[in-house]
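**Student:**
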Amino acid sequence: MSYQVLARKWRPRNFSTLVGQEHVVRALTHALSEQRLHHAYLFTGTRGVGKTTIARILAKSLNCESGITATPCGSCSACQEIDGGRFVDLLEVDAATNTRVDEMRQLLENAVYAPTRGRFKVYVIDEVHMLSNSAFNAMLKTLEEPPEHVKFILATTDPQKIPVTVLSRCLQFNLKQMPVGAISSHLENILQAEQVSFDTGALALIARSAAGSMRDALSLLDQAIAHGAGKVQEEPVRAMLGTVDQDYLFAILEALSIADASAMLAVAADLGVRSLSFSAALQEMAALLTTLQIAQCVPSAIDDDEPCRERVFSLAEKFSPEFVQLAYQIVVVGRNELPAAPDEYAGFVMTLLRLYAFRPSTVADVVSAARPRVSAPTFSNSPSATSDNLSQMHSLAHPAPESGATSVPSSANASEWNSIVSRLSLSGLARTLAQHCELRRLDDEECLLRLAPAHSHLQMKPAPERLQQALSEHFGRMLRLRFELADNEVETPATTAGRERQERQEKAVAAIERDGFVREVIEFFDASLDESSIKPID
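Our numbering numbers the first residue of the sequence shown as 39 and each following residue consecutively.
#1: Using only the alpha-carbon positions, how far apart do Q144 and T203 sit?
#2: Would you report the Cα separation of M252 and T470, rounded to the nearest angstrom?
#3: Taking Cβ to Cβ, would you say N101 is nearer than 7 Å to A116?
#4: Enumerate, from N- to C-terminal direction, the unbroken beta strand (DSSP E) stretches of 3 or more residues contained entirely within the stretch 440 to 525.
#5: With a threshold of 7 Å on Cβ separation, who are the neighbours of V139 within its own chain once the five nearest residues in sequence on each side are excluded?
#6: For Y151, which three-state DSSP category applies?
#7: Ordered along the chain, which non-local residues of its own chain (more than five positions away) have a Cβ less than 8 Å from that of D127?
#8: Go through its chain and collect everything with a Cβ distance to L393's Cβ below 7 Å, but skip five positions before and after it.
#9: Taking the alpha carbon of S457 as the reference point, which residue from D121, T534, L320 has its own alpha carbon closest?
#10: Give the straight-line distance between the Cα atoms of S460 and E476, rounded to the nearest whole angstrom.
#11: Quick one: residues in its chain with C-beta nearer than 6 Å to the C-beta of V613, no 5 flanking neighbours on either side, listed in chain order?
#12: What is the residue span of the beta strand (DSSP E) that F396 lies within?
#13: Could you spell out the range, first to last residue, of the beta strand (DSSP E) harbouring A78?
#14: Of the residues D568, I575, G105, A45, which one's Cα is nearest the Cα of R542?
#15: Whole angstroms is fine: what's the gap from A69's alpha carbon to I106's?
#16: Go to T194, then tell me how far its beta strand (DSSP E) extends in each direction, as first and last residue.
#17: Note down, in chain order, each residue of its chain lying with its Cβ closer than 8 Å to the Cβ of L567, except the 5 sequence neighbours on either side.
#18: Name the DSSP bridge partner or partners of I163?
#19: I'd like to check one pair, Q271 with C346: are the Cβ atoms closer than 7 Å?
#20: Taking the beta strand (DSSP E) that Q210 falls in, what are its first and last residues?
#21: Given a cut-off of 7 Å, decide if L464 and A472 are closer than it, judged by their beta-carbon atoms.
#22: Excluding the 5 residues flanking A134 on each side, which residues of the same chain have their C-beta closer than 6 Å to its C-beta?
#23: Use the C-beta contact count for P500: other C-beta atoms within 10 angstroms, 16 or more gives buried, fewer gives exposed.
#24: Within its chain, find whatever has a CB closer than 6 Å to the CB of C208; leave out the 5 residues flanking it on each side and keep chain order.
#25: Helix, strand or coil: which one does DSSP assign to V270?
#26: Counting pairs of beta carbons, one from the stretch 55 to 63 and one from the stretch 212 to 225, are three or more of them closer than 8 Å?
#27: Flag this pair as yes or no: are the beta carbons of L519 and Q507 separated by less than 7 Å?
#28: What would DSSP say about F125, mapped onto helix, strand or coil?
#29: Among A379, L327, V370, which has the Cα closest to the Cα of P359?
#30: Using a Cβ-Cβ cutoff of less than 6 Å, which residues in the same chain neighbour D403 once the five nearest sequence positions on both sides are dropped?
#31: Tell me, to the nearest whole angstrom, how far the beta carbon of L489 is from that of H474; I am working on the premise that it is less than 8 Å.
#32: Since I believe V362 is in contact with Q321 (beta carbons under 8 Å), could you give me their beta-carbon distance rounded to a whole number of angstroms?
#33: Does P502 pass the burial test, meaning 16 or more other C-beta atoms within 10 Å, or should it be called exposed?
#34: Can you look up F357 in the DSSP assignment and give me helix, strand or coil?
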């Protein structure tokens with residue numbers, strides 16, 4: 039007997055063996071069990087998700103000799119003939135080749151005749167969106183009020199092209215793409231039944247390459263068995279599909295985490311020597327970055343059997359979630375720009391260098407190389423310093439101040455703190471934090487700041503670390519930074535600026551009120567002065 043391809047040999051024969059379309063199976067099963075049968079069904083979805091397969095199973099359920107049932111016997115003559123494509127009352131029409139109105143009219147003229155063998159005459163029209171407008175118009179009346187013995191099952195990959203008048207006459211089911219896990223599991227069951235040895239990683243590669251299509255996955259599996267001489271192993275499958283080994287991707291990201299651009303370019307050169315697809319490499323890298331982001335945000339969502347699970351979590355700790363998002367965008371855009379690059383290698387290298395250029399800033403990028411790194415301090419938001427708080431603080435080194443560095447005053451007041459804040463290189467939340475603090479003490483070792491309880495939320499990371507870094511740079515030595523919450527009002531740069539702003543506003547209003555012309559206008563028109571419209575000139 040000649041060999042039968044896996045996609046045909048393992049085509050589901052009943053609803054119980056159908057994979058990945060539980061929502062459709064549930065609805066059809068209930069309809070068949072309760073005898074609530076519609077006269078026209080429309081199955082939509084991408085290629086290879088089971089549209090025609092479900093249509094044939096539904097035809098068997100309607101014509102099984104044991105009666106209308108959701109579980110056709112599969113052994114009666116009707117079921118066997120439908121499985122073999124020989125059932126005279128099941129008419130499968132390819133709308134892509136029978137698009138004209140004359141062909142549709144001829145088909146519908148035969149619909150009035152009773153079925154020859156079965157209970158129903160079932161018309162399965164595949165790729166129905168390919169019919170011409172005239173053909174659609176010809177079938178409207180029959181589709182709306184068909185004979186009792188006729189059932190229409192339409193299938194399409196593009197429902198947007200079907201006229202609304204046809205859609206409104208059908209019961210529509212949207213078949214979803216197959217999940218990677220469902221495809222892998224189904225392939226594993228098939229290979230076990232076929233007694234073919236396999237690697238789990240190879241099945242995962244095939245499942246991802248199938249892009250949600252079970253038929254594509256089975257076709258790739260046939261090719262993989264032939265490519266591997268009767269075995270499905272990861273390396274031959276990877277070579278067959280042209281995918282990139284995960285080790286290359288991890289090597290690139292690990293080199294990026296330590297800012298080693300030469301190592302990143304060495305990996306790119308190795309990929310070029312092996313003639314691997316740079317587009318596939320960027321696609322796989324985007325998938326890996328997605329896994330890293332999930333590991334950072336929802337660690338429990340990473341399956342225990344995820345390949346390279348430990349390496350994923352280890353690498354996820356080396357990047358911030360924000361940078362992973364940025365890296366993902368860089369990789370996706372870089373892949374889209376490959377056709378416009380001088381060549382794929384140049385486009386791939388530029389994408390890697392773009393990742394390197396936007397890598398996370400380290401302390402060495404912020405502080406001069408002549409200055410030592412500043413360890414991240416711990417902060418206290420308690421009302422007063424306690425022995426427990428002091429014991430939890432990090433001890434920082436105290437190198438000699440550089441020449442020209444600002445000396446640390448032994449005591450400081452509000453005006454001095456205002457002056458210090460104005461000279462610090464701060465922005466965003468860190469600057470807002472500094473502006474809402476009151477200086478309590480500033481010496482050679484420590485800077486103690488008071489914060490109003492209403493502004494305690496400003497201690498959110500990384501603002502305290504950036505403020506501590508800026509103070510250490512400003513004074514040329516490592517300062518320990520500590521916060522305490524105030525019991526009463528605090529005198530901060532923000533309150534000072536607000537008070538000065540209010541004083542300028544009051545002076546501006548008074549100046550306008552004293553102006554003779556303004557007073558004449560108010561008296562003449564019996565008007566009033568809108569103080570909110572007055573803005574002082576800074």
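Yeah, the Cβ is synthetic: ideal placement off N, Cα and C, and Gly gets one too. None of these values were measured; they are calculated from a predicted model.
**Tutor:** Short version:
#1: 21 Å
#2: 56 Å
#3: yes
#4: 475 to 480, 484 to 489, 518 to 523
#5: S170, S172, A173, A176
#6: coil
#7: N101, P153, T154, R155, G156, F158, K159, V160
#8: L294, A365, I368
#9: T534
#10: 14 Å
#11: This structure cannot speak to residue 613, because the chain is shown only from 39 to 576.
#12: First-last for F396: undefined, no H or E at that position.
#13: 78 to 82
#14: I575
#15: 10 Å
#16: 188 to 194
#17: V547, I550, E551, V556, I560
#18: V131, L192
#19: no
#20: 209 to 212
#21: yes
#22: E165, M168
#23: exposed
#24: A78, L80
#25: strand
#26: yes
#27: no
#28: coil
#29: L327
#30: Per-residue confidence for D403 stands at a pLDDT of 42, beneath the threshold of 50, marking its modelled position as unreliable; no derived number is given.
#31: 7 Å
#32: Not confirmed; about 17 Å, so no contact.
#33: buried
#34: coil
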